[in-house]
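Visitor: A single structure is presented below for examination.
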Amino acid sequence: MAATRRVLRYVPGGRPGRGPWVAAVCSAFFYLYAGVLVARLSAWIDLFRSPAPDGVGGAVAAAAGLVLFYAAAVYPGIVDERASGKVFADRSRRFRAHKPAVVGLVVFLFFLGVSLLAPLIAPYDPSVQTDPAVERYQSPSASHLFGTDKFGRDILSRVIFGARVSLGVGVSAVLLATLLGTLVGAASGYAGGRVDDAAMRVVDGLLAFPRLLLLLTLVAFFANSIWLVVAVLALTGWMGFARLIRAEVLVLKESDFVQAAVAGGVGRGRIVWRHLIPNTLGTVVVAATLRFAMLILLESYLSFLGLGVQPPTPSWGGMVFDGREVLVAAWWVSAFPGLAIVGAVVACNLVGDGLRDALDVRMG
Amino acid sequence: MIRFLLRRLLHAFLLVLITLTATFFVLRLAPGDPLSRFYSPEIDPKVMTDIRHQMGLDKPLPVQYAKTVWSYLRGDFGVSISSHRPVSDVLAETIPRTLLLTVSALLLQIVLGVFLGAVSARYPYGVFDRTLSVIFLVFYSIPSFYFAFGLIALFSIKLGWLPSANMYSIPREAVGFFPVLADRVAHTVLPVGVLALGSAAALARYARGSLLDTVHQDFVKTARAKGLGENRVFWVHAMKNALPQVLTVVGLSVPFLLGGAVVIEKIFAWPGMGSLAVDSIFARDYPVVLAVNFVGACMVILGSLLADLSYAWLNPRVRYGGGGDAPSR
């Protein structure tokens, strides 16, 4: 037992810093610097200024990433060649037993499909302003299913294109946050000792920031680009994942197969990557789904306040803001985008709850 | 207990310091100039240099940082660029207004959330539970501005029962005590309601889960075996054991309350810290932005400190280093 413990106690490249607090301070500065770097890069590389979720390439890439991520978690054959198909059938049955979760999945896939096919299915161009005298504030009708807004733009088309922004930002930010959180959490949990202490102090410290205030400040002061919103949402959201993964890794570390691998001479990196992380995917996927729901909400708050996407690119939060002067008179201007937000968030929450039961995860 | 307290206080203090540092550098390293609002073609460059020197902005960054930290330690938060008033004055005015909103919302959230969550858990999967779960999910997923707009449309515009902006319509010197009080309260109802209901839904979900877990534990079986009625077992014994964990989660939800207050204050034209934050951010009023972020982080740290302390007080095992059933930390 003692021999195994020594092997498991991994200290990267020499002595850790003088006390966890110094390490915490240094990590905080590094984090800050990384954030500034991202912002500066996004301003310098003009490419990033354009709202990429508008482009088909970006949308397809995001969707592909999402599919791979969920497939890896739900279908064990991808990470473990020896797993039987029975596990997947089991999980699928448990998921399907929850009617609300299935409904949520259908709704979410519907939103995803709408955002991918936006240019094909939107009846009008979302930014074209038609003759204001005639078209403005038309109530829902056969020609404009959701009515028109102050400038005569069709609300249905704007909601459809707004889905691109909301989902695109949400997916990108969640994948980034998951990546960062998994790496930090797994490494920290496996390393143990003072490195772990320091990292967790930093994470706890970062969790102390009131997130919306920080988001506001960062996005308003730096460039008002959509990639900055993605970066900031990811950088302020990875901490939850790190704590969760670390807790899982701490438990997994002591399990038989890990100790067998260590005894067999498997290197540290391979242990983390090949043995620990695949076994945490269940937890990660559930957390990611629930976090995704929260990110859709957060993005709507930001665009409500006027940050993130710029007009005329439609965004659900911004559209709700636009309708504030005519809340009762032209209720459809605020009502429909808001309903879209609620629908997407409810769907994601339902899927997350269903996944949690299907994958048998203890969220702690 | 004292040692625990002192250790947590030290952590909190260091955390506050780190927060101040991080915010300061983020603001200073951002593109843009604190003095950009003063630029105009006619201004003599020498005047700009003078202003810069007066505000201490021509010194190297680490020096500015040190000066800022030192003045913060003495309670001096600088002078607002847009209003030329000391920031501490501005804060002293706005913080109580925000506290009125947040604290009321917090209390309402705790009462509503815990009670409704408990009611759900008392008869799990029954009619009450299932309807309430749906309601919780919906309220949890609604963006607060959408909810606010809905309530304003209904109660202010259509029905005219409640006002939708500012803190008061009747000046203090006017008629009698009760009309003024009623007016003040009427203005508070909508903002507090919106703030509280969303977070109450989240808390209710958590409380329900926590209570359901508690009810499966051994001591509940013991209580039932002793012959205690189910109601007493649930509402007295199970609740008392599930409550500490639930309250800790409340402490962790303070950041969200503060963030939510920002949007709510903007919508209801409530002149509190959230409105101040948004206005100063858009006006690039650096001293105010720094101070607001700092105060916000302090309140959050204070909230989680209180949550930790209350948990330690309720669960003595935590004080002496044991893990107990502490929430995953």
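In order, the protein sequences belong to chains A and B. Under the working numbering, think of the first position of the first sequence as 1, with each following residue one higher. Under the working numbering, think of the first position of the second sequence as 1001, with each following residue one higher. Every residue, glycine too, gets a C-beta built ideally from N, C-alpha and C.
Are the region 1175-1195 of chain B and the region 1103-1115 of chain B touching by the rule of at least three beta carbon pairs closer than 8 Å?
Guide: Touching, yes.
Visitor: Quick one: what does DSSP say Thr313(A) is sitting in, helix, strand or coil?
Guide: Thr313(A): coil per DSSP, three-state reduction.
Visitor: Rounded to whole angstroms, what is the Cα-Cα separation between Val1262(B) and Pro1179(B)?
Guide: About 29 Å.
Visitor: When burial is assigned at 16 or more other CB atoms within 10 Å of the CB, is Leu1190(B) buried or exposed?
Guide: Buried, because 16 or more other Cβ atoms sit within 10 Å of the Cβ of Leu1190(B).
Visitor: Does DSSP classify Val1079(B) as helix, strand or coil?
Guide: Three-state DSSP puts Val1079(B) in a strand.
Visitor: For the structure I just gave you, are there three or more beta carbon pairs, one from the region 1283-1290 of chain B and one from the region 1075-1086 of chain B, closer than 8 Å?
Guide: Yes: the two stretches touch, three or more of their Cβ pairs being nearer than 8 Å.
Visitor: With a threshold of 7 Å between beta-carbons, can Arg211(A) be considered close to chain B, or not?
Guide: Closer than 7 Å to some Cβ of chain B, the Cβ of Arg211(A) qualifies, so yes.
Visitor: Take Val128(A) and list the residues in its own chain whose beta-carbon comes closer than 8 Å to its own, dropping the five residues that flank it on each side.
Guide: The residues are Arg153.
Visitor: For a test of the three-state rule: what should DSSP assign to Pro1191(B), helix, strand or coil?
Guide: Looking at Pro1191(B) - three-state DSSP - the assignment turns out to be helix.
Visitor: Does any CB atom of chain A fall closer than 7 Å to the CB of Ala1148(B)?
Guide: Not one chain A Cβ lies under 7 Å of Ala1148(B).
Visitor: Taking 6 Å as the cut-off, is the C-beta of Arg1003(B) nearer than that to any heavy atom in the ligand COA?
Guide: As presented, the structure is devoid of all ligands, the ligand COA included, so that no description of it is given.
Visitor: Against chain D, which members of the region 291-302 of chain A pass a CB distance test of less than 8 Å?
Guide: Considering every chain present, this structure includes no chain D. Its protein chains are A and B.
Visitor: To the nearest angstrom, report how far apart Gly323(A) and Lys1221(B) are at their CA atoms.
Guide: Their backbone Cα atoms lie some 55 Å apart in a straight line.
Visitor: When the Cα of Ile296(A) is compared with those of Ala173(A), Asp204(A) and Arg96(A), which residue comes out closest?
Guide: Closest option to Ile296(A), Cα to Cα, is Ala173(A).
Visitor: Below 7 Å between beta carbons: does that hold for Ala191(A) and Val272(A)?
Guide: Contact: no.
Visitor: Straight-line CA distance for Pro1096(B) to Gly267(A)?
Guide: Taking the straight line from one Cα to the other gives about 57 Å.
Visitor: What residues from chain A crowd round Ile1157(B), counting only those whose CB sits closer than 8 Å?
Guide: In chain order: Leu327 and Val328.
Visitor: With distance defined between alpha-carbon atoms, name the residue in Ala1223(B), His1216(B), Thr1023(B) and Leu1252(B) nearest to Ala1121(B).
Guide: Out of Ala1223(B), His1216(B), Thr1023(B) and Leu1252(B), His1216(B) has the C-alpha closest to the C-alpha of Ala1121(B).
Visitor: According to DSSP, is Pro1271(B) helix, strand or coil?
Guide: Note: Pro1271(B) maps to coil in three-state DSSP.
Visitor: Can you check DSSP and say which residues form a bridge with Asp154(A)?
Guide: Partner(s): Thr148(A).
Visitor: Between Cys1298(B), Val1138(B), Val1249(B) and Gly1227(B), which lies nearest to Ser1310(B) when the distance is taken from Cα to Cα?
Guide: The residue with the shortest Cα to Cα distance from Ser1310(B) is Val1249(B).
Visitor: Specify the secondary structure class of Pro278(A) as computed by DSSP and reduced to three states.
Guide: Of the three classes helix, strand and coil, the one that applies to Pro278(A) here is helix, per DSSP.
Visitor: Between the region 303-318 of chain A and chain B, which residues of the former have CB atoms less than 8 Å from a CB of the latter, in chain order?
Guide: Those would be Phe304, Leu305 and Gly317, in chain order.
Visitor: Look at the Cβ atom of Val345(A), then the Cβ atom of Ala287(A), and state whether they are nearer than 7 Å.
Guide: Cβ distance not < 7 Å, so Val345(A) and Ala287(A) don't count as in contact.
Visitor: Let me know if Tyr1123(B) comes out buried or exposed under the rule of 16 or more other beta-carbons within 10 Å of its beta-carbon.
Guide: By the 10 Å Cβ count, Tyr1123(B) comes out exposed.
Visitor: Report buried or exposed for Pro1045(B), applying the criterion of at least 16 other Cβ atoms within 10 angstroms of its Cβ.
Guide: Exposed.
Visitor: Which stretch, first to last residue, makes up the alpha helix (DSSP H) that contains Ile1051(B)?
Guide: Its alpha helix (DSSP H) spans residues Pro1045 to Gln1054.
Visitor: So what does DSSP say about Pro123(A), is it helix, strand or coil?
Guide: Three-state DSSP puts Pro123(A) in coil, outside helix and strand.
Visitor: Can you tell me which of the three DSSP states Phe29(A) falls into?
Guide: At Phe29(A) the pLDDT is 48, less than 50, meaning the model places this residue with poor confidence and gives no usable figure here.
Visitor: With 16 other CB atoms within 10 Å as the buried threshold, where does Ala329(A) fall?
Guide: Result: exposed.
Visitor: If you drop the 5 nearest sequence neighbours on each side, which residues of the same chain put their C-beta closer than 7 Å to that of Phe1155(B)?
Guide: Correct list, in chain order: Trp1161, Leu1162 and Leu1190.
Visitor: Does the pairing of the region 116-127 of chain A with the region 156-163 of chain A give three or more beta-carbon distances under 8 Å?
Guide: Yes, the region 116-127 of chain A is in contact with the region 156-163 of chain A.
Visitor: Report the residue from Val1300(B), Ile1301(B), Trp1313(B) and Met1273(B) whose alpha carbon sits nearest the alpha carbon of Ser1088(B).
Guide: Nearest option by C-alpha distance: Met1273(B).
Visitor: How many whole angstroms separate the CB atoms of Phe1145(B) and Phe146(A), which I take to be in contact at a CB cut-off of 8 Å?
Guide: Phe1145(B) to Phe146(A), Cβ: 19 Å. No contact.
Visitor: Quick one: grab the DSSP three-state call for Pro1086(B).
Guide: Here Pro1086(B) sits in strand by DSSP.
Visitor: Is it a yes or a no for the region 1226-1234 of chain B touching the region 1126-1136 of chain B, going by three-plus beta-carbon pairs under 8 Å?
Guide: Touching, no, given that fewer than three Cβ pairs across the two stretches are closer than 8 Å.
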